[in-house]
Amino acid sequence: MATKWGNHGFSVDDVAVWAATGATPFQAAEYRAAGFGPEETAAWMAVPDGLATFPPTGPMARRWMESPIYHDGITPADAHAWRGAGIESPDRAAEAFGWADRLGYADNADGDKWEPEDGPYPAEVQASVWARARFAPAEAQQWQQAGFTFDDGRGPSVARVWAGHIDDAEGAAAWRRVVGNNPGSAAALVRLGVTPDTYVTGDETFVSGPEAIGVFKARAFWRDIGVTDGREAQGWFAVGFDPWTAGEWKAADPTIDPATAASWKHHGFSPSVTAAWLAAFPFRCNPTQALRMSEAGWSPDTVKDELAGMPAEEAVRFADHAPVRAR
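For what it's worth, the working numbering labels the leading residue of the sequence shown as 1, then goes sequentially.
What follows is the structure, given as structure tokens:
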């Protein structure tokens, strides 16, 4: 344990004081970097754990404290109440206040400030957010009927991204059901003549034209690397991998998917190094996180040692923060 505290720059004398806050070495380092002392850190760490991601990180706690929402400042309990209502950041909370004020919802039935827990966003609020995402009222209705709901203010922006790739609301919704929230991948498959139905069934007749040559005419090569499903072969081909390149990545990590391999390759990682970083974390880290960790002096082996026993939520923050490893 002392080694973990030392990795984050804590002296032997510091350890007892900071350990008493209830924070892990990584959490304590975050709070200290954000300007918190042990007492303040303990106050934020003591907030009732109503959400898996709470208490917030040190930088996020600092942002809550500096939020203009309340003139007399915000407390850990206030922040917890907002997060419990589905508002995850002070920026989102301030934006919710702004919508309510501009549209006349500043007061609720009790004469107090309107807050999300008072009920769903009013229709006028939702309409204004759809308009900000450049949807006319009729268009907004089409996208909502297709399944792109308001989703606490995020739905309109998600719909706008999809509309930039597939302008038909129903078509976009159909693709989202089969490929997830990946409009770029859906658009690439559409260019190859794929439809949501043929993507799901793996119908090999859907591929035609010079762009798609080699996908199913080289089925023997795909079988050699363990790919027997036309949909998986299509997925590797869609990100620019032939059977031999895909085989190198699958040999290093049999569980890796085409999009993940393409992302790591784009950032300059080899199959073996990628596999080492992916195995170092209890979740599928991304290449940006690995680059930051490497630049901060960490290797896959030292990361694995540091994360031993660390909760998954904290491990994610650790990867995002990439603290400099003390030598």
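Here a beta-carbon is modelled for each residue, glycine too, at the ideal position from N, C-alpha and C. Remember, predicted model here, so these are calculated numbers, not experimental data.
Distance, residue j Cα to residue i Cα
i    : j    : result
L291 : D301 : 15 Å
P25  : A296 : 16 Å
A163 : Q126 : 18 Å
A136 : W175 : 23 Å
W5   : M65  : 26 Å
T3   : A308 : 12 Å
F150 : H267 : 34 Å
A23  : A46  : 10 Å
A312 : C285 : 12 Å
A131 : M310 : 43 Å
P183 : A173 : 10 Å
V15  : D78  : 29 Å
T53  : A276 : Model confidence at T53 stands at a pLDDT of 49, short of 50, so the residue's coordinates are unreliable; what they give is reported in the following sentence. Approximately 27 Å, taken between the alpha carbons.
V179 : T195 : 11 Å
A262 : E248 : 12 Å
G171 : E39  : 54 Å
A246 : S128 : 46 Å
V316 : N181 : 21 Å
G193 : M293 : 40 Å
Residue i vs residue j beta-carbon contact at 8 Å
i    : j    : result
P287 : F269 : yes
A138 : A188 : no
A34  : G9   : no
W18  : A28  : yes
P271 : A252 : yes
E314 : N7   : no
K304 : A280 : yes
T75  : A42  : no
Option nearest residue i by Cα separation, candidates the options
i    : options                : result
D320 : V15, W5, M60           : M60
Q142 : D168, Y31, R154, A29   : D168
Q144 : A133, P156, A261       : P156
S185 : R154, W236, A146       : W236
I225 : Q234, P243, E232, R231 : P243
P323 : P311, G309, A312, S299 : S299
A259 : A251, V273, G240       : G240
R177 : V190, G147, V129       : G147
R191 : D78, I166, N181        : I166
D197 : Q289, W222, R231, W249 : R231
Three-state secondary structure assigned by DSSP to residue i
i    : result
M310 : coil
W44  : helix
A140 : helix
E66  : coil
R134 : coil
V158 : helix
P323 : coil
H165 : coil
D242 : coil
A26  : For the record, residue 26 in the displayed sequence is Phe; it is not Ala. F26 falls in the helix class under three-state DSSP.
T255 : coil
G184 : helix
S11  : coil
H267 : coil
D78  : helix
D298 : Inspection of the sequence shows that residue 298 is occupied by Trp rather than by Asp. Residue state, collapsed to three classes: coil.
D229 : coil
V178 : helix
G37  : coil
Close Cβ partners of residue i (< 7 Å) along its chain, the five nearest in sequence each way excluded
i    : result
R102 : Residue confidence is low: R102 scores 48 on pLDDT, short of 50, so the model does not pin down where it sits. No coordinate-derived value is stated.
L278 : D253, R284, C285
W222 : A233, P243
R154 : none
Spatial neighbours of residue i in its chain, beta-carbon cut-off 6 Å, leaving aside the 5 residues before and after
i    : result
A133 : P156, S157, R160
W264 : T274, P287
A140 : W130
F318 : F26
Y31  : T41, G58
I256 : W249
Q289 : A319
Beta-carbon contacts of residue i that lie in its chain and below 8 Å, excluding the five residues immediately before and after
i    : result
R62  : A34, G35, F36
T228 : W222
Near the ligand ATP: residue i beta-carbon under 7 Å from a heavy atom
i    : result
A186 : In terms of ligand content, the structure shown is empty, and the ligand ATP therefore cannot be addressed.
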